[in-house]
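Numbering-wise, the sequence shown is residues 1 to 132 according to our numbering.
Presented below is the structure to which this report refers.
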Amino acid sequence: MENYIIACATDDRKNLVDRHFGDAERYELYRYSGDDFIHEATVENTVSEEKGHGDSVKAKNIGALLRDYGVKVLVSRQFGANLAKVRRGFVPVIARVVTIEAALELLRAHASEVEGEYQRGEERDHLVLRGE
1 MENYIIACAT
11 DDRKNLVDRH
21 FGDAERYELY
31 RYSGDDFIHE
41 ATVENTVSEE
51 KGHGDSVKAK
61 NIGALLRDYG
71 VKVLVSRQFG
81 ANLAKVRRGF
91 VPVIARVVTI
101 EAALELLRAH
111 ASEVEGEYQR
121 GEERDHLVLR
131 GE
């Protein structure tokens, strides 16, 4: 998972949102490097509201926004109806923790699993990681 960019869905820059990934106000981007996470950027979610629940245009636009930053892994407490589409380009990780810090610790502990899933290409699946 070396040099992977991870996008954490948040409103307050500290905690993961308790809503779908695409409904976050912003994304905190971290680079995984040498077993550490380095904060890269804060990206505001500028994608307009969806026309209906599970709007595929919204998912496509958020994907394009984050791909511009080289993101490979998406982290949130929830994902919506577009999960199958999202995993074609990213590894979606459902983190069963509240804080971004705890989510990053889960990613560190499961780095080889995340990388293995990313390497599966369009056949990849989402991961569910639970804290203690």
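For each residue, glycine too, the CB sits at the ideal point set by N, CA and C.
Just so it is clear, the structure is predicted and the values come from calculations on it, not from any experiment.
Original post:
Is the CB-CB distance between V75 and F90 below 8 Å?
Top reply: Counting from 1 along the sequence shown, the entry for residue 75 is found at position 75. Counting from 1 along the sequence shown, the entry for residue 90 is found at position 90. No, the Cβ-Cβ distance between V75 and F90 is not below 8 Å.
Original post:
From which residue to which residue does the beta strand (DSSP E) around L74 run?
Top reply: Taking the first residue of the sequence shown as position 1, residue 74 is located at position 74. It spans 71–76 - the beta strand (DSSP E) in which L74 sits, taken as one unbroken run.
Original post:
Count the other CB atoms within 10 Å of the CB of I38; is the residue buried (16 or more) or exposed (fewer)?
Top reply: The residue you call residue 38 lines up with position 38 of the sequence shown. Here I38 is exposed: its Cβ has fewer than 16 other Cβ atoms, across all protein chains shown, within 10 Å.
**OP:** Measure the C-alpha to C-alpha separation of Y118 and L107 and round it to an integer number of angstroms.
**Re:** By one-based count along the sequence shown, residue 118 stands at place 118. By one-based count along the sequence shown, residue 107 stands at place 107. Between Y118 and L107, the C-alpha separation is close to 13 Å.
Original post:
Straight-line CA distance for A84 to R130?
Top reply: Here residue 84 corresponds to residue number 84 of the sequence shown, with the count starting at 1. Here residue 130 corresponds to residue number 130 of the sequence shown, with the count starting at 1. When the Cα atoms are used, A84 and R130 turn out to be separated by approximately 21 Å.
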